[in-house]
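For reference, the structure is listed below as structure tokens.
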Amino acid sequence: MTRPAPKTTNPVGRPLNDSAAASGHIHLRVVMARKNWYVRMARLHNLTLAEWMQRECDEASGYPPKSQLVTANISS
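Numbering-wise (this note's numbering), the sequence shown opens with residue 12 and increments by one.
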């Protein structure tokens, strides 16, 4: 007997993520041309729009601060 393939999406189609559950929301209103550009950039990197935006924002802001990285590594 074989096991079924693991689920890759939840019922609403969002990819499953093994990291901590996100509880914050960021809403960004933009014109469609800008959103479409962002979607194209995300697809070029094989990412969802949310993943791409999070990576870009983290890189631009220097998140997470080095002090949080040290703490995260100690508690692991």
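For glycine and all other residues, C-beta sits at the position ideal for the given N, C-alpha and C.
Could you check what DSSP says for Ala32 in three-state terms: helix, strand or coil? The three-state reading of DSSP puts Ala32 in coil, since its state is none of H, G, I, E or B.
Does DSSP put Val50 in a helix, in a strand, or in coil? Correct three-state label for Val50: helix.
Integer Cβ distance of Glu62 from Ala71, believed to fall under 8 Å: A Cβ-Cβ distance of about 15 Å is found for the pair Glu62 and Ala71, leaving them out of contact under the 8 Å criterion.
Sort Ser78, Leu60 and Lys77 by Cα distance to His38 and report the nearest one. For the options Ser78, Leu60 and Lys77, the alpha carbon positioned closest to that of His38 is the one of Leu60.
For His36, the nearest candidate out of Asn47, Met43 and Gln65 (CA to CA): Ranking the options by Cα distance to His36, first place goes to Gln65.
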